[in-house]
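Since the structure comes first, as structure tokens, the remarks are kept for the end.
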Amino acid sequence: MGKFKVRVNKETCIGCVACTSISDNFEMGEDDKARSKQAEVDELGDIKEASDVCPTNSIIIEEKDE
Ligand code: F3S
């Protein structure tokens, strides 16, 4: 469980690997799309930066309610 949900939209990810170079939370899958190692985190840290840098805005961060 965590405060934020983090995921990658595989429909829009173009595999530019910027996110994986910025944050250890992201890795490339066999489909050449990024994926989030953790589905939920308490602290965003460099995940926020990776999200800002993604050219297709494919990193989706959702703050959980409770
Ligand atoms: Fe894909 Fe964006 Fe990362 S295009 S590989 S999610 S920087």
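Per our numbering, the very first residue in the sequence shown carries number 603; after that it's consecutive.
Think of the CB as a built atom: it goes at the ideal place given N, C-alpha and C, for glycine as much as any other residue.
Keep in mind the model is a prediction, meaning the values are calculated, not measured.
Quiz item: With distances taken from each beta carbon to the nearest heavy atom of the ligand F3S, which residues come in below 7 Å, in chain order?
Solution: Every residue with a CB closer than 7 Å to a heavy atom of the ligand F3S is listed here in chain order: Val610, Cys615, Ile616, Gly617, Cys618, Val619, Ala620, Cys621, Thr622, Phe628, Met630, Lys635, Ala636, Ala652, Val655, Cys656, Pro657, Thr658, Ser660, Ile661.
Exercise. Would you decide whether Asn659 is buried or exposed? Buried here means 16 or more other CB atoms lie within 10 Å of its CB.
Key: So Asn659 counts as exposed.
Exercise. Assign Lys607 to one of three DSSP states: helix, strand, or coil.
Key: Secondary structure of Lys607 (DSSP, three-state): strand.
Quiz item: Can you pull the DSSP bridge partners for Lys662?
Solution: Correcting the residue type first, residue 662 is Ile in the shown sequence and not Lys. In the DSSP assignment, the residues bridged to Ile662 are Arg609.
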